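Here the structure is laid out as structure tokens; the discussion comes afterwards.
Written out as structure tokens, the structure is:
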């Protein structure tokens, strides 16, 4: 099962915990390395929420003399005299002794005199200093991802630089004598390396960097040399070479280099021949050679591990509740990855989930995935299920 | 209403339609500028889906002599003689005259003789050339976004370069005398420019580039000069200066420069004082000064417009069905943006959606948004609603 394999991997993960300072405009989707506390009240002074007239509610229903206009950004401090009002713009500082704003649209003005009736409530459109955020209050926590809303909150506090966690250095390989690169020319008996491009794209889309290091030929020495050459990376991801075929040298090479197995398979279809090895602080993932399996395990297992290494707080995928549409049986001795299309609250499979794990087009058709539990033998029409959005 | 405003803007949009070649590893999240057709069958040759033995089903239940091993990538063409079988690895080319593979786990082998019983079905684990994709077939359409699954499909075809649409050049301003930059020091009466950082982050997260051009002071001349200085951009986004206050010079300056209004407000709360102007192929968005309104209108209106300018096919947001939790009333003469938290299939509001449009923290708490229709006066517990995920 994916969850228990992930937990086993997480137990073996060393979080990097290294951080660096970045300016706010380079901080999007980075992971906070420190808790962030408010440095100032938000708003920082009492101000008007609307364009209108500032007055004191004691004088509601009485004629008020309009004595001037206060603009946003005006640094002077104004004070209301009795029976007076100020025109005031959104965001402008409230004059002393005022407690209410009537918006232009609801104000009655004749000859520079303002009349406000009781349909306006006391404190209308009056924004109090600190009503949203108080200085010293915790705003964001270490491990949170800096999405645009959080960037906005930091900017509103005048916080222009933040410490974020550095992300792991990742090397990506592919393996197999039958594999050639998309920029080469495949003969009739060769197949293009689709896995590495997909792995790179999955990582990049999730804001992880990686370097592609090439195809490892099916030989013990080549495998050993390739893994050794990437010893300065935190994580190595390769695909192929993990099943029980004669020409799989990955496990042997890793053992030779002192790596220990963290997981040597996952009870899931597709994706069973997935291995994860560890040496000191380094992890090696050997993903299945079959494209669909490599893609899904990279998404479901490698990505959460990279987040964990980066000390990201939220490691779970966003989940959506859906109604299953159709009927499907699956083997209950394992977990099954069911690709589907989520639309209008319903999740429908692609070809009743019958296709080879070497295929790619079902991934293109799908926009979400259901992961069955071990012991679960199928789904019936209208079952409530929890799905994970894909691309 | 947002939808009708968007339609009006879309009618006034000139798609750029300019394209450039990018290599596959730089193509993630770019927009395809050409339909893509398969250049080769997938798989390109008959091959084994598993590690096992290739044989001819006519000889099921008979002892078969294992005459050799075929590895993936082996360029030789093998042929089965009668009463013979080959060991075969995943992805290896099927020998001629074979039609079925029995996986190692289900094979009975004694003294180099293979026995297969009828529990194995004919054509088991036999992948036929072209069974997934046939050469010439359309794979992807112009206007599709290159997500990781599509990158994988292109790589599997040996397509290493694609034409993608260039995206619009976007300039971002802020406006207002009361605004100072997060990297400056605000006095008691000034407020930090949160809008520009958020707009930049929203665009960047959605893979649009933009350049920040600074704060426009509240003066007609400054506004005129700022807009003129950005005449080489396809889209200008500014915030503030769009309401009816005395110190709003944006509309005047745009008129002076020959811009025509496309929309001069949106019947939505928050976000009403949103304007969009057009001159030749250029668009200017004037977003509200209030942070929450600026954020949501940038997300809900500006982003789809940028996609449209880039000829992206899918302009609608992903929508999720949810059960409303709680009870809420809102004014039915307009559309209302209701921030909320989606969890376990339920959508709950933040403080019953009561907070000022100058606030930012509700955006940080929310992970999704409900947009009410004009004429809709509220939601009751357990109502089925469609929501849009935020960050």
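Protein chains in written order, with the UniProt record's numbering: chain P, 1 to 391; chain W, 1 to 391.
We put the CB at the ideal spot given by N, CA and C, even for glycine.
If you're wondering where the values come from, they're calculated on a predicted model, not measured in any experiment.
### Query
From this set, 72(W), 39(W), 347(W) and 58(W), which residue's C-alpha is nearest residue 115(W)'s C-alpha?
Along the second chain, one-based indexing puts residue 115(W) at 115. Of the candidates 72(W), 39(W), 347(W) and 58(W), the one whose C-alpha sits nearest the C-alpha of residue 115(W) is 58(W).
### Message
Could you check whether the Cβ of residue 325(P) sits closer than 8 Å to any Cβ belonging to chain W?
### Response
Here residue 325(P) is taken as the residue at index 325 of the first chain, counted from 1. Taking Cβ atoms only, chain W never reaches closer than 8 Å to residue 325(P), which makes this a no.
### Query
For residue 124(W), which three-state DSSP category applies?
The residue you call residue 124(W) lines up with position 124 of the second chain. Residue 124(W): coil per DSSP, three-state reduction.
### Task
Answer with buried or exposed for residue 141(P), where buried requires no fewer than 16 other C-beta atoms within 10 angstroms of its C-beta.
As a working mapping, residue 141(P) is identified with position 141 in the first chain. Result: exposed.
### Task
List the whole-angstrom C-beta distance separating residue 90(P) from residue 42(P), where the pair is believed to meet the contact cut-off of C-beta under 8 Å.
Position 90 of the first chain, counted from the start, is the residue given in the question as residue 90(P). Position 42 of the first chain, counted from the start, is the residue given in the question as residue 42(P). Between residue 42(P) and residue 90(P) the Cβ distance is about 16 Å, and since that is not below 8 Å, they are no contact.
### Query
Can you tell me the Cα-Cα spacing of residue 153(W) and residue 38(W), whole angstroms?
Indexing the second chain from 1 puts residue 153(W) at position 153. Indexing the second chain from 1 puts residue 38(W) at position 38. One C-alpha to the other measures close to 10 Å.
### Task
Starting from the beta carbon of residue 127(P), find every residue of chain W whose beta carbon is closer than 8 Å, and list them in chain order.
As a first step, residue 127(P) must be located in the first chain, where it is residue number 127. In chain order: 356 and 358.
#### Entry: chain P residues whose Cβ lies nearer than 7 Å to that of residue 345(W)
Residue mapping note: residue 345(W) aligns to position 345 of the second chain, counting from 1. Result: 321.
### Message
Quick check on residue 240(W): buried or exposed, where buried means 16 or more other Cβ atoms within 10 Å of its Cβ?
### Response
By 1-based counting over the second chain, the position of residue 240(W) is 240. Its Cβ being crowded by 16 or more others within 10 Å, residue 240(W) is buried.
### Message
Taking 8 Å as the threshold (C-beta atoms), are residue 329(W) and residue 372(W) in contact?
### Response
If you number the second chain from 1, residue 372(W) lands on position 372. If you number the second chain from 1, residue 329(W) lands on position 329. Their beta carbons are not under 8 Å apart, which means residue 372(W) does not touch residue 329(W) by this criterion.
### Task
Taking 8 Å as the cut-off, decide whether the C-beta atoms of residue 31(W) and residue 164(W) are in contact.
Here residue 31(W) is taken as the residue at index 31 of the second chain, counted from 1. Here residue 164(W) is taken as the residue at index 164 of the second chain, counted from 1. Yes, they are a contact pair.
### Message
Suppose you measure from the CA of residue 244(W) to the CA of residue 138(P); what does that come to, to the nearest Å?
### Response
To locate residue 244(W), count along the second chain from 1; it is residue 244. To locate residue 138(P), count along the first chain from 1; it is residue 138. Below a pLDDT of 50, predicted positions are generally treated as unreliable, and residue 244(W), at 49, falls in that range; no measurement from the model is reported.
### Task
Kindly list, in the order they appear in chain W, the residues whose Cβ is closer than 7 Å to that of residue 187(P).
Walking along the first chain from the start, residue 187(P) turns up at place 187. Ordered by position in chain W, the residues that pass the 7 Å Cβ test against residue 187(P) are 75.
### Query
Touch check for the stretch 177-191 of chain P and the stretch 64-75 of chain W: three-plus C-beta pairs under 8 Å?
yes
### Task
Kindly list, in the order they appear in chain P, the residues whose Cβ is closer than 7 Å to that of residue 151(W).
To locate residue 151(W), count along the second chain from 1; it is residue 151. Within chain P, the residues near residue 151(W) are 197, 198 and 201.
### Query
Using a Cβ cut-off of 7 Å, which residues of the stretch 356-383 of chain W contact any Cβ in chain P, in chain order?
356, 358, 359, 360, 361, 363 and 364
### Task
Give a yes or no on whether 8 Å exceeds the smallest Cβ distance from residue 396(W) to chain P.
A query on residue 396(W) cannot be resolved here, the shown segment of chain W reaching from 1 to 391 and no further.
### Query
Tell me, which residues are paired with residue 319(W) by DSSP?
Locating residue 319(W) in the second chain gives position 319, counting from the first residue. Residue 319(W) is not bridged to any residue.
### Query
Leaving out five residues before and five after residue 108(P) in sequence, what residues of the same chain have Cβ atoms less than 6 Å from its Cβ?
On the first chain, residue 108(P) is found 108 positions in, with the first residue counted as 1. Same-chain partners within the cutoff: 115.
### Message
Which residues of the stretch 203-215 of chain P have a Cβ closer than 7 Å to any Cβ of chain W? Give them in chain order.
### Response
204 and 205
### Task
Would you check if there are 3 or more beta carbon pairs closer than 8 Å linking the stretch 281-292 of chain P to the stretch 300-311 of chain W?
no
### Message
Excluding the 5 residues flanking residue 67(P) on each side, which residues of the same chain have their C-beta closer than 6 Å to its C-beta?
### Response
Residue mapping note: residue 67(P) aligns to position 67 of the first chain, counting from 1. Hits under 6 Å: 84.
### Message
Using a Cβ-Cβ distance cut-off of 8 Å, determine whether residue 11(P) contacts chain W.
### Response
Counting from 1 along the first chain, the entry for residue 11(P) is found at position 11. Cβ-Cβ to chain W under 8 Å: no for residue 11(P).
### Task
State the CB to CB distance for the pair residue 366(P) and residue 345(P), rounded to an integer number of angstroms; the pair is presumed to be in contact (CB under 8 Å).
Residue numbering aside, residue 366(P) sits at position 366 when the first chain is read from its first letter. Residue numbering aside, residue 345(P) sits at position 345 when the first chain is read from its first letter. With 8 Å as the limit, residue 366(P) and residue 345(P) do not qualify as a contact, their Cβ atoms being about 17 Å apart.
### Query
With a Cβ-Cβ cutoff of 8 Å, do residue 237(W) and residue 266(W) count as a contact?
Translated into positions along the second chain, residue 237(W) becomes position 237. Translated into positions along the second chain, residue 266(W) becomes position 266. No, Cβ-Cβ distance for residue 237(W) and residue 266(W) is not below 8 Å.
#### Entry: Backbone secondary structure at residue 44(W) - three-state DSSP
Within the second chain, residue 44(W) is the residue found at index 44, counting from 1. Note: residue 44(W) maps to coil in three-state DSSP.
### Message
So within the stretch 83-134 of chain W, which uninterrupted alpha helix (DSSP H) runs reach at least 4 residues, ignoring any that extend past its ends?
### Response
none
### Task
Find out if the Cβ-Cβ distance for the pair residue 144(W), residue 313(W) is shorter than 8 Å.
Residue mapping note: residue 144(W) aligns to position 144 of the second chain, counting from 1. Residue mapping note: residue 313(W) aligns to position 313 of the second chain, counting from 1. It is a contact, given that the beta carbons lie within the stated cut-off.
### Query
With a CB to CB cut of under 7 Å and the five nearest residues on each side skipped, what residues in its chain are close to residue 19(W)?
Position 19 of the second chain holds residue 19(W). Counting only Cβ-Cβ distances below 7 Å, and skipping sequence neighbours, we find 33, 163, 164, 165 and 166.
### Message
Whole angstroms are fine: how far does the CA of residue 7(W) sit from the CA of residue 259(W)?
### Response
Along the second chain, one-based indexing puts residue 259(W) at 259. Along the second chain, one-based indexing puts residue 7(W) at 7. Between residue 259(W) and residue 7(W), the C-alpha separation is close to 19 Å.
### Task
Please list, in chain order, all residues of the same chain as residue 278(P) whose beta carbon is under 6 Å from its beta carbon, the five residues on each side excluded.
The sequence position of residue 278(P) within the first chain is 278, counting from 1. Excluding positions up to five away in sequence, the list reads 12, 260 and 262.
### Query
What residues in its chain sit with their C-beta under 6 Å from that of residue 324(P), if we drop five residues either side in the sequence?
Position 324 of the first chain, counted from the first residue, corresponds to residue 324(P). So the qualifying residues of the chain are 347, 379, 383 and 385.
### Query
Which chain W residues sit within Cβ distance under 8 Å of residue 93(P)?
Taking the first chain and counting its residues from 1, one reaches residue 93(P) at position 93. Under the 8 Å cutoff, chain W gives 189.
### Query
Relative to chain P, which residues along the stretch 262-289 of chain W have a C-beta separation below 8 Å, given in chain order?
289
### Residues that residue 269(W) bridges to, as DSSP identifies them
Taking the first residue of the second chain as position 1, residue 269(W) is located at position 269. In DSSP, residue 269(W) forms a bridge with 336(W).
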